[in-house]
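Below is one structure, written out as structure tokens, with a few remarks after it.
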Amino acid sequence: MKNLAVFLLFQIAAMASAQEIVTVPHKAAETVQWTGDEKEYFSALWETQVVTNTSIPTLQIFKPDPQIANGTSVIIAPGGGLYAHSIEKEGTDVANWLNQKGITAFVLKYRLVPTGEDGVKELMDLQEKVVPIVKGVLPYSIKDGINAIAYVRANAKTLGIDPLKVGFMGFSAGGSVTLGVIYNTDETTAPNFIVPIYAWTYVLEEQELPEEAPPMFMVCAADDPLMLAPTNIKLYAEWIDEGHVGELHMYARGGHGFGMQAQGKPSDKWIDRFYEWSVSEGLTIPKEAN
């Protein structure tokens, strides 16, 4: 009987911690076709959990403790070269951290390049040849980001969030999606702040910044092997030159794709710096538990 009681407690705890997953409203792609199901597995090449061959965009909803929920929300777009989602260290781990600060989080699985059994291996084999392929799918990924914002805003009351404090955070290819969102959205679907993390900027077409660009918090490492530091600095400089609110943290060491992975470097604390910035800008108002 005691063992049964313990088992039931574990089951209840598991149910309480389960996250709701919703499909993001979207139109079928006209120029891209997927075969087979979405795949999730541990990538030995990247030494992390990944999701590949995503053809249907979804949002996984992470809600904070109601006692500390402050109404701010962040949509998280993991990176992975548009061939994969680094679903833990650039997705669910980020969401769980934000929940501890009272922020509601949504992990977005946007549409990816169609792949077979191991999308990560396909990406690594192609190397620089991926850019033209990625550019064919990226517009759909960006549209998924815009539609995700629309969904979150439309359901703000049910989700317990402030529709005027919806942020968009993207890592690497997810950073491309983040920037693509602000270049292609309107007032109703524009995020209230953006957080591009080592954004893969050079897969985007050169565009003028929107006149009403939202506050931006950027993170990158000078030793990024993809040479993203110069393009991220350029974007930040343009942002500031246009009079928009921005903050850039360029770490000397960190590499690429670190996300929430601890490396024993100052870049490990990037998310703390983001939270401090969001509070200082009035985007997050901390709420203490009773």
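Numbered per numbering that gives the first Met the number 0, the sequence shown spans residues 0 to 289.
Each residue gets a CB set at the ideal place from its N, CA and C atoms; glycine is no exception.
For Ile74, DSSP records a beta bridge to Phe105, Phe167.
Ser42: member of the beta strand (DSSP E) spanning 38–42, first to last residue.
Per the DSSP secondary-structure output, Ile148 pairs with nothing in a beta bridge. In the structure shown, Met259 adopts coil according to DSSP, grouped into three states.
Its chain contains Ile196, Tyr197, His248, Trp269 as the residues whose beta carbon lies nearer than 7 Å to that of Val218, once the 5 sequence neighbours on both sides are disregarded; these appear in chain order. Nearest Cα to Gly245 within the set Tyr235, Gly254, Arg252: Tyr235. Boundaries for Thr157: no beta strand (DSSP E) harbours it, while the alpha helix (DSSP H) harbouring it runs 155–158, taken from the DSSP string. Secondary structure of Ala236 (DSSP, three-state): helix.
Here the alpha carbons of Val136 and Gly115 stand approximately 16 Å from one another.
In the structure shown, the three-state DSSP call for Ile270 is helix.
Sequence-distant partners of Gly35 (beyond 5 residues in either direction) whose C-beta falls short of 7 Å from its own C-beta, in its chain, are Asn52. His243 sits close to Met215, with the two beta carbons spaced by under 8 Å.
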